[in-house]
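Chains as they are written, first to last, in our numbering: chain A, 1 to 163; chain B, 1001 to 1163.
There are 2 protein chains.
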Amino acid sequence: MTLDFDPVAEARRNWQRHGWPSIDAMAAATSITRAHQILLARIDDAVSAHGLTFSRFEALALLHFTKDGCLPMGKVGERLQVHAASVTNTVDRLERDGRVERRRHPEDGRTVLACITDHGREVVQEAAASLGAIDFGLGGPDTVDFAAIETVLAPVRRNADDF
Amino acid sequence: MTLDFDPVAEARRNWQRHGWPSIDAMAAATSITRAHQILLARIDDAVSAHGLTFSRFEALALLHFTKDGCLPMGKVGERLQVHAASVTNTVDRLERDGRVERRRHPEDGRTVLACITDHGREVVQEAAASLGAIDFGLGGPDTVDFAAIETVLAPVRRNADDF
DNA sequence: TCGAGAAAGTTTGACGTCCAAGGAGTTTTC
DNA sequence: GAAAACTCCTTGGACGTCAAACTTTCTCGA
């Protein structure tokens, strides 16, 4: 993860030189993409110690936050903003590892409930601690303004009707 | 892409309630993740009209920016910060579609050069225009401060030795 | 000069994401 | 009540990413 050039500055120079449009937007988008790339790598590294990926951690945390530890598959996808097929995939693996189990919905035969197991609860709490320890990949010598990040990205999310 | 709740605020509430650590960092990381998710969807949608994905567009643009339109596979991965196997994959598909062709390196038999074709140059320029038209997924009714995004994410990237 | 080690790409396998299609169950409608 | 319409989930295929193993080629030192 050590570079001898700034990918964003590099991109900016090239776009400028070729007269391509929306340079500032491009640089902002590239920054977000790169920051995400960095975060995901660090986060996945942290949760892998607990046999998880970030996706699985998110699903597990979501279930853990629930009253009775269960949620219909569809709700999981909705909350996590991922496709239903991705939920099937994620729950498959969590179930394989005994962190989650599928149950029939008592009233609606179409619905499948994903329920976190006791083991799942242990794992997700340990993983959350590991993530906290690295400040979710945002840690390091340079000071990061967490609140500013949230603020500056809010309009981006709002433009996509994110809330 | 329309939600009736704010995923970040939601996450913040849940973490708070369970006493989990680094809430502000979590919210910032979640914002970045979500912003990236939004951008990627919009960008991919824009370039798909030209038979590209964002990855392929990036590779194509990189080659287009080069003096002679060629770059060793390894250099492509280095610039794009992706694994060598991903480069192989991306170039395979670009080559299949006639946007790129592989050539032997004249001096080093180990090296494979990825070279953009004339068709590739046409496509990448059209795609760049499409991306500019949507401000790289950052467009919308709410005003987005491009420069602020770059500034606020700089320490995140610097913490990962990104430049 | 010759063999060990390094370097460059590709292949294979695991993961995550999406889309499209299909099966099963429920609700609506006539 | 039965057929049509809708909902929920899973399956299969395409794509992108990474890690590890492997092949080919080059380099360097004994």
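For glycine and all other residues, C-beta sits at the position ideal for the given N, C-alpha and C.
Inset, instruction - Report yes if the CB atom of leucine 1063/B is closer than 8 Å to the CB atom of leucine 1071/B, and no otherwise. - result: Contact annotation: leucine 1063/B and leucine 1071/B have beta-carbon atoms nearer than 8 Å.
Legend entry - Any chain A beta carbon closer than 8 Å to alanine 1160/B: Yes - at least one Cβ of chain A is within 8 Å of the one on alanine 1160/B.
Legend entry - Members of the region 1030-1046 of chain B near chain A, C-beta cut-off 7 Å: If the cut-off is 7 Å between Cβ atoms, the region 1030-1046 of chain B has Ser1031, Ile1032, Thr1033, Arg1034, Ala1035, His1036, Gln1037, Ile1038 and Leu1039 near chain A.
Inset, instruction - Helix, strand or coil for glutamate 1107/B, going by three-state DSSP, please let me know. - result: If DSSP states are grouped into helix, strand and coil, glutamate 1107/B belongs with coil.
Inset, instruction - Enumerate in chain order the residues of its own chain whose CB-to-CB distance from leucine 30/A is below 6 Å, with the five nearest sequence positions on each side excluded. - result: At residue 30/A the sequence reads threonine, which differs from the leucine that was named. Short of 6 Å from the beta carbon of threonine 30/A, and not among the five residues preceding or following it, lie these beta carbons of its own chain, in chain order: Val8 and Ala11.
Legend entry - Interface residues of chain B facing leucine 138/A [CB-CB closer than 8 Å]: Within chain B, the residues near leucine 138/A are Ala1025, Ala1028, Ala1029, Val1156 and Asn1159.
Legend entry - Enclosing alpha helix (DSSP H) for tryptophan 155/A [first to last residue]: The sequence as given places proline at residue 155/A; tryptophan does not occur at that position. Counting along the chain, the alpha helix (DSSP H) containing proline 155/A begins and ends at 146-159.
Inset, instruction - Please compile the residues from chain B whose C-beta is within a distance smaller than 7 Å of the C-beta of asparagine 169/A. - result: In the structure displayed, chain A extends from 1 to 163; residue 169/A sits before or after that span and is not available.
Inset, instruction - To the nearest angstrom, report how far apart methionine 1001/B and arginine 158/A are at their CA atoms. - result: The pLDDT assigned to methionine 1001/B is 48, lower than 50, so where the model puts this residue is not dependable; a value taken from the coordinates is nonetheless given after this. Methionine 1001/B and arginine 158/A have their alpha carbons spaced roughly 10 Å apart.
Inset, instruction - Go ahead and pull the three-state DSSP assignment for valine 175/A. - result: With chain A represented from 1 up to 163, any question about residue 175/A goes unanswered, as that position is not in the structure.
Inset, instruction - Look at the alpha carbon of arginine 1102/B and the alpha carbon of valine 1091/B, and state the distance between them as a whole number of angstroms. - result: Looking at the two C-alpha atoms, the distance is approximately 8 Å.
Legend entry - Span separating the alpha-carbon of valine 1016/B from that of glutamate 107/A: Sequence check: residue 1016/B is glutamine here, not valine. Straight-line measurement puts the Cα of glutamate 107/A at about 32 Å from the Cα of glutamine 1016/B.
Inset, instruction - Report back the beta-carbon spacing between isoleucine 1116/B and glycine 1069/B to the nearest angstrom; my notes put them in contact at under 8 Å. - result: Contact flag correct, Cβ pair sits at about 4 Å.
Inset, instruction - Go to isoleucine 1038/B, then tell me how far its alpha helix (DSSP H) extends in each direction, as first and last residue. - result: 1023-1048 is the span of the alpha helix (DSSP H), which, as asked, contains isoleucine 1038/B.
Inset, instruction - Mind checking the region 1113-1127 of chain B against chain A and listing, in chain order, the residues whose C-beta falls within less than 7 Å of any C-beta there? - result: So the list is empty, because no residue satisfies the distance condition.
Inset, instruction - Consider the Cβ of valine 1152/B: report whether some Cβ of chain A lies at a distance smaller than 8 Å. - result: Closer than 8 Å: yes.
Legend entry - Integer Cβ distance of alanine 1046/B from serine 1130/B, believed to fall under 8 Å: With a contact defined as Cβ atoms closer than 8 Å, alanine 1046/B and serine 1130/B qualify at about 5 Å.
Inset, instruction - Using three-state DSSP, classify methionine 1001/B as helix, strand or coil. - result: With a pLDDT of only 48 at methionine 1001/B, under the threshold of 50, the placement of this residue in the model should not be trusted, and no figure is reported.
Inset, instruction - State the start and end residues of the unbroken alpha helix (DSSP H) segment that holds leucine 1062/B. - result: Secondary structure note for leucine 1062/B: its alpha helix (DSSP H) is the uninterrupted segment 1054-1064.
Legend entry - threonine 143/A burial status per 10 Å Cβ neighbour count (16 or more: buried): Under this definition threonine 143/A is an exposed residue.
Legend entry - Three-state class that DSSP yields for arginine 99/A in the structure shown: When DSSP states are grouped into helix, strand and coil, arginine 99/A belongs to the coil group.
Inset, instruction - Could you please give me the residues that DSSP links to valine 1091/B through a beta bridge? - result: In DSSP, valine 1091/B forms no bridge with anything.
Legend entry - Burial state of aspartate 1162/B (16 or more Cβ within 10 Å): Counting Cβ neighbours within 10 Å, aspartate 1162/B comes out buried, since at least 16 surround it.
Legend entry - Nearest candidate by alpha-carbon position, reference glutamine 1037/B, set Leu1138/B, Phe1146/B, Val1156/B and Leu1153/B: Comparing Cα positions, the closest option is Leu1138/B.
Legend entry - C-beta neighbour in chain A for valine 1100/B, strict 8 Å: Judged by the 8 Å Cβ criterion, valine 1100/B is not in contact with chain A.
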